[in-house]
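So the structure is just underneath, and the comments pick up after that.
Protein chains: 2
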Amino acid sequence: MAGPRGVTIAEVAARAGVAASTVSYVLSGKRSISPATARRVMDAVAELGYHPHAGARSLASRRAGVVAMMLPLRDGMHLPVLMQFASGAVTEARRADQDVLLMTADEGPAGLARVAASAIVDGLILMDVEVRDPRVETLRRLGLPSVLIGFPADAEGLTCVDLDFTAAGRVCADYLVERGCRDIALLGASEAVYARRTGFAERVREGFLGGPAGRAHAEVWPCPDDAVSVQRTVKELLVARPELTGLAVHNEPAVGHVMHALADAGKRVGEDFHVVVIGPDEVAERVHPHLPSVLVPAERLAEIAVRHLMRKLDGEDVPDSTLVEPQLTTR
Amino acid sequence: MAGPRGVTIAEVAARAGVAASTVSYVLSGKRSISPATARRVMDAVAELGYHPHAGARSLASRRAGVVAMMLPLRDGMHLPVLMQFASGAVTEARRADQDVLLMTADEGPAGLARVAASAIVDGLILMDVEVRDPRVETLRRLGLPSVLIGFPADAEGLTCVDLDFTAAGRVCADYLVERGCRDIALLGASEAVYARRTGFAERVREGFLGGPAGRAHAEVWPCPDDAVSVQRTVKELLVARPELTGLAVHNEPAVGHVMHALADAGKRVGEDFHVVVIGPDEVAERVHPHLPSVLVPAERLAEIAVRHLMRKLDGEDVPDSTLVEPQLTTR
DNA sequence: TGTCGTTGTCGAAGCGCTTCGACTTTGCAG
DNA sequence: CTGCAAAGTCGAAGCGCTTCGACAACGACA
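Top line first, the protein sequences correspond to chains A and B. The opening residue of the first sequence carries number 1 in full-length UniProt numbering; numbering runs sequentially from there. The opening residue of the second sequence carries number 1 in full-length UniProt numbering; numbering runs sequentially from there.
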């Protein structure tokens with residue numbers, strides 16, 4: 001249908017018997033148009049299958065209708081969560097008639113500068129922002145509207161969205177205490193994760209330690225994620241704290257191993273011992289018995305991030321910082 | 001640095017003391033330029049941090065420098081594989097100085113028409129193409145350069161890339177036979193997957209059944225992927241074929257359950273019984289003992305797909321059909 | 001010395017769209 | 001019946017880039 005050169009606004013205008021500018025105004029709604037004219041234009045648009053040329057539009061209007069999403073591609077990131085995030089963002093962006101350009105974090109600050117200078121996108125979403133993130137400074141300098149997932153050390157003037165990890169830690173502790181546990185522990189993330197984004201891990205720790213507030217004894221144990229280390233850590237933990245009856249695991253790959261280690265130690269999870277996971281549903285459901293869990297609500301975060309970005313593109317104000325309440329799923 | 005309006009080619013030209021067209025030619029290399037001039041231009045580009053305005057470029061040159069990637073977002077897709085694919089594609093595209101626009105399959109054929117008509121992308125990569133895929137017809141009509149991952153029923157005139165699933169089935173059968181198994185079975189995908197993309201599942205089956213070629217008895221058992229069904233299916237299988245000593249599992253979520261069922265039945269995997277997985281490494285490594293496996297080489301496929309697309313954009317010929325040899329990883 | 005390719009550079013003409021100012025109509029108050 | 005604002009529409013001027021044809025300048029060749 002669409003010829004090799006595509007349908008232009010001029011053809012639509014001719015068919016509707018109006019000027020090209022009128023077609024433009026009908027489509028954008030930036031000037032009032034009589035219903036009769038609007039109708040004829042819309043008909044012509046439909047009959048011709050007209051879609052504005054994205055390049056021409058962006059050139060003339062200084063709006064590309066595209067936002068960039070920069071994904072981290074380091075090892076250690078949980079891929080399914082990333083994917084959920086990406087798809088959530090695309091779905092939400094399309095709702096606002098925007099497209100999404102995918103970038104990877106290894107393009108770094110230079111990548112940001114590139115897309116900004118070439119005006120190929122109107123805004124940016126940066127995922128998995130670290131505490132000390134080299135992209136943040138560039139971002140600030142470029143002045144492109146942006147939303148970050150995660151909180152850098154200096155969030156001044158930036159829009160950030162994330163799960164409220166402090167609350168997540170607290171929710172886990174509360175859950176265990178409510179099950180009657182008087183001695184609980186948090187099996188933390190692997191060292192690599194801690195090293196990179198201390199903020200995130202720190203916040204879970206604080207929430208977990210602060211949650212019981214005297215109702216139980218709480219400790220935090222960092223833990224590597226290979227089978228052997230997990231087995232050893234759990235064993236040491238149980239020796240060090242023989243009265244322990246509750247465990248929160250904030251370390252996705254380790255969950256399965258933890259369950260084995262507990263079984264080996266004679267703990268019956270769900271009966272005389274309680275475990276709660278901070279991680280994706282699949283992780284909590286892969287083991288037996290299924291565990292209660294607090295997940296990172298990727299789609300939700302993506303939705304919020306995109307929505308905030310859209311509002312910034314429209315010149316509206318959005319909160320600097322948005323923390324999503326964690327949700328405990330019992331099973 | 002970059003003002004709100006960005007650096008234009010005119011400013012670069014002024015700084016280098018040449019015409020704008022000369023700058024353009026230096027950057028594109030489409031006409032010969034004296035080394036001295038080229039040098040001055042490149043210096044000006046660097047000093048000013050110039051990046052061509054993407055919209056203007058696409059308007060004038062009819063080339064957007066962007067390709068679209070349409071990802072499936074159905075349940076049942078293995079998310080990490082998708083993510084690997086996406087990141088592989090972006091990395092490879094950037095190598096050719098192209099960007100990647102992310103779309104989701106739920107935009108359907110209309111989405112393809114949209115991006116084609118708006119000239120926002122130069123080409124398309126469609127992931128996870130099904131045997132009867134409604135997008136294929138539209139794709140053909142649009143005439144946009146494209147590459148598919150997977151094979152639709154009528155691949156006439158299309159460029160398709162995929163893992164050679166027939167070979168994958170054969171490799172698994174061979175592996176088991178070489179371990180001395182004389183009676184083997186393939187525990188197939190869940191029904192939903194079969195229903196959707198028979199081609200894929202069929203090919204594994206054929207390869208698996210044809211592999212032994214008289215050296216062993218081979219059967220294929222389809223299998224749902226919840227724990228209970230897997231337990232039952234494995235039990236039935238072992239009753240039906242008491243001499244069975246080799247099993248290939250082409251059903252990611254089921255692998256863990258299969259191992260439990262086999263242990264319950266007293267089979268010692270790796271000793272008197274052999275199991276091989278068709279699926280991602282993590283799946284094969286999550287169980288004990290680690291299993292040999294054939295994976296879907298997502299990054300590899302993405303790389304090939306992008307490379308082929310780039311060549312098509314340059315008007316070169318590429319093979320209609322590319323099958324990637326499966327690789328068995330022993331552990 | 002005149003002619004002809006080469007090589008390197010320039011100016012101008014768009015690409016298809018948005019947007020601004022101006023113009024024509026229409027409705028209504030005076 | 002006149003005057004004026006509001007409503008609806010148009011034409012033209014770019015947005016920043018690529019590309020085409022033209023044109024100097026320069027050797028090489030006859």
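All residues carry an ideal CB built from backbone N, CA and C; glycine is no exception. Since this is a predicted model, take the numbers as computed values, not measurements.
Excluding the 5 residues preceding and the 5 following residue i in the sequence, name in chain order all residues of the same chain whose CB lies nearer than 6 Å to its CB.
i, result
"A248 of chain A", "C172, L186, V276"
"F273 of chain A", "T245, K267"
"V115 of chain B", "A68, V121"
"L238 of chain B", "A265"
"G65 of chain B", "Q98"
Cutting at 8 Å between CB atoms, please list the residues of its own chain near residue i, excluding the five before and the five after it.
i, result
"D154 of chain B", "V136"
"R331 of chain A", "A284, E285, P289, H290, L291, P292, S293"
"D314 of chain A", "none"
"V18 of chain A", "T37, R40, V41"
"L328 of chain B", "V171, C172, Y175, V276, P292, S293, V294"
"M1 of chain A", "The predicted position of M1 of chain A is uncertain, since its pLDDT is 38 and thus under 50; no value can be drawn from it."
"I304 of chain A", "V161, T322, V324"
"E206 of chain A", "T166, G169"
"D281 of chain B", "S293, L295, T329"
With a threshold of 9 Å between beta-carbons, can residue i be considered close to chain B, or not?
i, result
"V318 of chain A", "no"
"G123 of chain A", "no"
"E11 of chain A", "no"
"R135 of chain A", "no"
"M42 of chain A", "no"
"L126 of chain A", "no"
"E107 of chain A", "yes"
"P297 of chain A", "no"
"T91 of chain A", "yes"
"V100 of chain A", "yes"
"residue 334 of chain A", "Since the first residue of chain A shown is 1 and the last is 331, residue 334 of chain A is not available in this structure."
"G256 of chain A", "yes"
"residue 332 of chain A", "This structure gives no information on residue 332 of chain A, because the portion of chain A shown stretches from 1 to 331."
"V324 of chain A", "no"
"A284 of chain A", "no"
"G6 of chain A", "yes"
"L309 of chain A", "no"
Looking only at C-alpha atoms, which of the options sits nearest to residue i?
i, options, result
"E157 of chain B", "B:A213, B:V318, B:E325, B:V255", "With the sequence shown as reference, residue 157 of chain B is identified as Gly, and Glu is not the correct amino acid for it. G157 of chain B has its Cα closest to that of B:V318, out of B:A213, B:V318, B:E325, B:V255."
"V26 of chain B", "B:A68, B:D97, B:R40", "B:R40"
"G169 of chain A", "A:H250, A:V230, A:V7", "A:H250"
"P297 of chain A", "A:P145, A:I149, A:P134, A:G266", "A:I149"
"A254 of chain A", "A:V239, A:D226, A:F273", "A:D226"
"R182 of chain A", "A:E243, A:L163, A:E130, A:K235", "A:E243"
"Q98 of chain B", "B:D122, B:D320, B:S118", "B:D122"
"R15 of chain A", "A:A44, A:V23, A:S34", "A:A44"
"Y175 of chain A", "A:G88, A:P326, A:I9", "A:P326"
"G111 of chain B", "B:D320, B:P134, B:S34, B:V23", "B:P134"
"T166 of chain B", "B:M310, B:W221, B:I278", "B:I278"
"A192 of chain B", "B:I9, B:C223, B:A216", "B:C223"
"A119 of chain A", "B:R5, B:P152, B:L142, B:A46", "B:R5"
"K30 of chain B", "B:A56, B:T8, B:L209, B:S61", "B:S61"
"V177 of chain B", "B:L209, B:A105, B:A189, B:R232", "B:L209"
Return no unless some Cβ of chain A is closer than 9 Å to the Cβ of residue i.
i, result
"Y194 of chain B", "no"
"R331 of chain B", "no"
"S87 of chain B", "yes"
"residue 337 of chain B", "Since the displayed chain B opens at 1 and closes at 331, residue 337 of chain B lies outside it and no answer follows."
"M259 of chain B", "no"
Roughly how many angstroms lie between the CA atoms of residue i and residue j, to the nearest whole one?
i, j, result
"L126 of chain B", "A218 of chain B", "34 Å"
"L301 of chain B", "V81 of chain B", "11 Å"
"R63 of chain A", "V90 of chain B", "23 Å"
"D264 of chain B", "H257 of chain B", "10 Å"
"A213 of chain B", "S146 of chain B", "38 Å"
"S87 of chain B", "T22 of chain A", "42 Å"
"D164 of chain A", "F200 of chain A", "9 Å"
"L59 of chain A", "H53 of chain A", "10 Å"
"V287 of chain B", "R203 of chain B", "26 Å"
"T138 of chain A", "P109 of chain A", "6 Å"
Looking only at its chain, what residues have a beta carbon closer than 7 Å to the beta carbon of residue i, apart from the 5 residues adjacent to it on each side?
i, result
"V269 of chain A", "M259, L262, V275, P289"
"A113 of chain B", "T138, L142"
- Query: Considering only residues of the region 94-176 of chain B, which uninterrupted beta strand (DSSP E) runs meet the minimum length of 3 residues and lie entirely inside it, listed in chain order?
  - Reply: Taken in chain order, the complete beta strand (DSSP E) segments of 3 residues or longer contained in the region 94-176 of chain B are 99-104, 123-126, 146-149, 160-163.
- Jot down the residue ranges of each uninterrupted beta strand (DSSP E) in the UniProt domain "HTH cro/C1-type" (5-44) of chain A, minimum 3 residues, whole runs only, in chain order. None, since the UniProt domain "HTH cro/C1-type" (5-44) of chain A contains no complete beta strand (DSSP E) of that length.
- Length at least 4, wholly inside the region 244-269 of chain B: the alpha helix (DSSP H) runs in chain order: As far as the region 244-269 of chain B is concerned, its whole alpha helix (DSSP H) runs of at least 4 residues are 255-264.
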